[in-house]
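K.L.:
Input: one structure, supplied below.
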């Protein structure tokens with residue numbers, strides 16, 4: 174889900190650890206913050222400078238956040254477009270029994286890679302008369318089904 178607005182209380186923050194980006198090879202610090210309200214808790218991954226902006230016991234408002242599966246568990250993410258600010262709202266009690274990040278969800282199957290498409294696959298289909306028809310509407314004769322086209326030279330003659 175995208176475009177979420179959530180008010181939460183920080184319950185705990187793990188010790189930061191270093192990870193290496195697959196994109197550019199840069200090293201980043203990451204910590205997980207367990208946050209919640211009266212409905213339950215969820216994990217928010219905190220990256221680099223955002224780790225120091227959160228304090229356990231404080232209440233914050235996240236605007237334009239999103240959820241994502243990480244290792245089959247739901248995470249609430251701040252993202253590039255997300256904005257987090259301290260909130261004056263009071264959350265006296267956090268429901269620790271309902272931890273949505275502890276539930277394992279099945280991932281959607283990934284799309285299968287069909288391999289390199291050949292020229293024959295690109296926009297050509299046989300119509301009812303045995304002719305090939307390109308998406309541009311041009312028609313060309315296909316060799317008869319019983320004829321091997323290996324004996325046809327470059328000029329189209331046998």
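In the working numbering, the protein residues as written are 174 to 331. Idealized CB from N, CA, C, for every residue including glycine.
1. Is the segment 235 to 242 touching the segment 191 to 201, taking contact as three or more C-beta pairs under 8 Å?
2. Identify which residue in 253, 182 and 258 has its Cα closest to the Cα of residue 215.
3. Would you grab the beta carbon distance between residue 229 and residue 262 for me? Rounded to a whole angstrom, and I think it's under 8 Å.
4. Can you check which of these residues, 266, 177, 247 and 200, is closest to residue 209 by C-alpha distance?
5. Straight-line CA distance for residue 241 to residue 174?
6. Under a three-way DSSP split, which group does residue 217 fall into?
7. Below 9 Å between beta carbons: does that hold for residue 203 and residue 226?
8. Am I right that residue 186 and residue 260 are in contact with their C-beta atoms under 8 Å? What's the rounded C-beta distance?
9. Could you check whether residue 250 and residue 279 sit closer than 9 Å to each other, using their CB atoms as the reference points?
10. Tell me, please, which residues DSSP counts as bridged to residue 193.
11. Over the uninterrupted beta strand (DSSP E) stretch that includes residue 239, give me the two end residues.
12. Taking just the CA atoms, how far does residue 243 sit from residue 281?
13. Could you tell me the distance, in whole angstroms, from the CA atom of residue 178 to the CA atom of residue 198?
P.N.:
Taking the definition as stated:
1. no
2. In the chain shown, counting from the first residue as 1, residue 215 sits at position 42. The shortest C-alpha separation from residue 215 is found at 182.
3. In the chain shown, residue 229 corresponds to position 56, counting from 1. In the chain shown, residue 262 corresponds to position 89, counting from 1. Rounded, the Cβ-Cβ distance is 17 Å, inconsistent with contact.
4. Here residue 209 is taken as the residue at index 36 of the chain shown, counted from 1. That would be 266, whose Cα lies nearest to the Cα of residue 209.
5. Stepping through the chain shown from its first residue, residue 241 is reached at position 68. Stepping through the chain shown from its first residue, residue 174 is reached at position 1. If I take the Cα positions, the gap works out to 8 Å.
6. For this step, residue 217 is matched to residue 44 along the chain shown. Correct three-state label for residue 217: strand.
7. Counting from one through the chain shown, the residue named residue 203 turns up at place 30. Counting from one through the chain shown, the residue named residue 226 turns up at place 53. No. Outside cutoff.
8. Sequence index remark: in the chain shown, residue 186 carries index 13 (1-based). Sequence index remark: in the chain shown, residue 260 carries index 87 (1-based). Contact doesn't hold; Cβ gap of about 17 Å is too wide.
9. Counting from 1 along the chain shown, the entry for residue 279 is found at position 106. Counting from 1 along the chain shown, the entry for residue 250 is found at position 77. For residue 279 and residue 250, no; Cβs fall outside 9 Å.
10. For the purposes of this step, residue 193 is taken as the residue at position 20 of the chain shown. 200.
11. Residue 239 sits at position 66 when you count from the first residue of the chain shown. Residue range 232 to 243 is occupied by the beta strand (DSSP E) that includes residue 239.
12. Your numbering for residue 281 matches position 108 in the chain shown. Your numbering for residue 243 matches position 70 in the chain shown. Their Cα atoms are separated by approximately 12 Å.
13. Here the question's residue 178 lines up with position 5 in the chain shown. Here the question's residue 198 lines up with position 25 in the chain shown. Rounded to the nearest angstrom, the gap between the Cα atoms of residue 178 and residue 198 is 32 Å.
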